Structure formats: structure tokens, C-alpha cells
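**Q** The opening position of the sequence shown corresponds to residue 1 in the numbering used here, with each subsequent residue numbered one higher.
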Amino acid sequence: EDKTLIRDVLAYELARRSGHYAPRTRFVELFMAESPGHLSMRDYAGVYVLIEKIKRGQDRVNIAKLDRPDATAAKLSGGYILKRDHSDRGETRFMTSHGGPYFFVYPDAHKVTPEQRAWLADYFRSFESALYGPEFADPRTGYAAYLDVDSFIDAHWLIEMSKNVDGFRYSAFITKDRDGKLKTEPPWDWNRSFGNANY
1 EDKTLIRDVL AYELARRSGH YAPRTRFVEL FMAESPGHLS MRDYAGVYVL IEKIKRGQDR
61 VNIAKLDRPD ATAAKLSGGY ILKRDHSDRG ETRFMTSHGG PYFFVYPDAH KVTPEQRAWL
121 ADYFRSFESA LYGPEFADPR TGYAAYLDVD SFIDAHWLIE MSKNVDGFRY SAFITKDRDG
181 KLKTEPPWDW NRSFGNANY
């Protein structure tokens, strides 16, 4: 819990200033009417931060739309939004030999096709083979052929600078646009950062 209401707001603003999409935030005063009639201070629930949900869209995570019946190789390459999170979520996921679980956000786990799931799992396997292979530093055949290095550097900087104890492990989003590379964005869930954890 973040009683200051600033940690998510600050982290997302820093990400946006680094040139990446991050959920927009607004401070709001919440009133909850528990009985009919006019609102009054009796209905006041306090100050909250309203945060935009992570969704695919032109003004949000701007990646290609995946059409369900289209299984051509070019169309299967994106766009995807995945989430690395706790394994007890009970949702459709996939693992790799070096990581996971990865959960589908877009397309939704109930809408992702077997072809899309297989293509993405194969892309991750190829990425890991390059990353752990002898030519890992080769820009054409190593890890840089599969991931957006600048996105990973910016995400790592933000996680380390803010001391986000959940960084890369939980609530970590990964996107892949059509014909693009893996990106570690957008940021999400910065409530246990900036010293708000004792471990």
C-alpha cells in the first residue's frame, strides 16, 4: 500500500519523460453515496489516484491489432501484451526454460489462438537461445535481435533508481509489436518502491 499516493504517479511520469508510454494518472476526491439523496461530506471517502488500465490502443499501448482468424507469419508477429506475475493467478500462461510465467493480456487469454500462443512461445525460445548462446553479444544474431535494448535499459534504470522490489518479477509488462522486438513496458505497480518496503 502507498499512503503517499505518489509512487505510481512519479514512476509513470518518469517513464513518459523517457519517451515511453505509461498509464496516465489523476488525483481524485472520492464520494460514495451509501443512501439515496444528495452527496454530502458524510459520503466522502478520501483522496485516491485514478490510474488508466493497460490496454492496446492508439493512445495507450500502441501496437498492432491481432485479428483472430489471421494466422499468417507476418500477422502472428504482433502485437502482444504479456504480463510477468505471480504463478497463482489461474490464467492461461506459458513458461520458457529460463523464465515465466508469462500471462496473456492482449490478446485476452480466452481469445488468444493456438497459433498465436505457439508463435510467441517459439519467439521467446529463440530469444533465450540467442541470449544464452555463445554469440549473445552479436547485434544480428544475439539478444539484441529479439529485444529492444533501449527499452530494457530505461526499464532497468527506473526499477533500480526507484528501488522497486517487484521489478521484473511481478506486475511486469512486456510488449511486442508486429515485426518489432520485445519491450519491457509499460510500467505498472510501483507501490513498493522508493523505500516503501523493508526487504
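We put the beta carbon where it would ideally sit given N, CA and C, even for glycine. Treat the numbers as computed from the prediction; the structure is a model and nothing was measured.
Return yes when the Cβ of proline 134 is within less than 8 Å of the Cβ of proline 23, no when it is not.
**A** Against a cut-off of 8 Å, the Cβ pair of proline 134 and proline 23 comes out as no contact.
**Q** Taking contact to mean at least 3 C-beta pairs separated by less than 8 Å, is the stretch 67 to 84 in contact with the stretch 162 to 180?
**A** Yes: at least three Cβ pairs fall under 8 Å.
**Q** Which same chain residues end up closer than 8 Å to aspartate 189 when comparing Cβ atoms and leaving out the 5 residues on each side of it in sequence?
**A** Cβ neighbours of aspartate 189 beyond the five flanking positions: Asp8, Asp166, Tyr170, Ser171.
**Q** Go to phenylalanine 124, then tell me how far its alpha helix (DSSP H) extends in each direction, as first and last residue.
**A** It spans 114 to 131 - the alpha helix (DSSP H) in which phenylalanine 124 sits, taken as one unbroken run.
**Q** Using the rule of at least 16 other Cβ atoms within 10 Å of the residue's Cβ for burial, across every protein chain shown, is arginine 125 buried or exposed?
**A** It is exposed - the Cβ of arginine 125 has fewer than 16 other Cβ atoms within 10 Å.
**Q** Who are arginine 84's beta bridge partners in DSSP?
**A** According to DSSP, arginine 84 bridges with Tyr102, Ala172.
**Q** Which of the three DSSP states is assigned to glutamate 185 in this structure?
**A** Coil at glutamate 185, not helix or strand.
**Q** Rounded to the nearest angstrom, what separates threonine 4 and serine 129 at their Cα positions?
**A** Using only the alpha carbons, I get a separation of about 43 Å.
**Q** Name the two residues that bound the continuous beta strand (DSSP E) containing phenylalanine 152.
**A** Counting along the chain, phenylalanine 152 falls outside any beta strand (DSSP E), though it belongs to the alpha helix (DSSP H) covering 149 to 162.
**Q** Near lysine 181, which residues of its chain fall below 7 Å by C-beta distance, leaving aside the five closest residues on each side in sequence?
**A** Tyr146, Leu147, Asp148.
**Q** For threonine 141, I'd like the list of residues in its chain whose CB is within less than 7 Å of its CB, leaving aside the five on either flank, ordered along the chain.
**A** Ala130, Glu135.
**Q** On a Cα-Cα basis, can you pick out the residue from Ser193, Ile6, Asp108 that is closest to valine 47?
**A** Nearest C-alpha to valine 47: Ile6.
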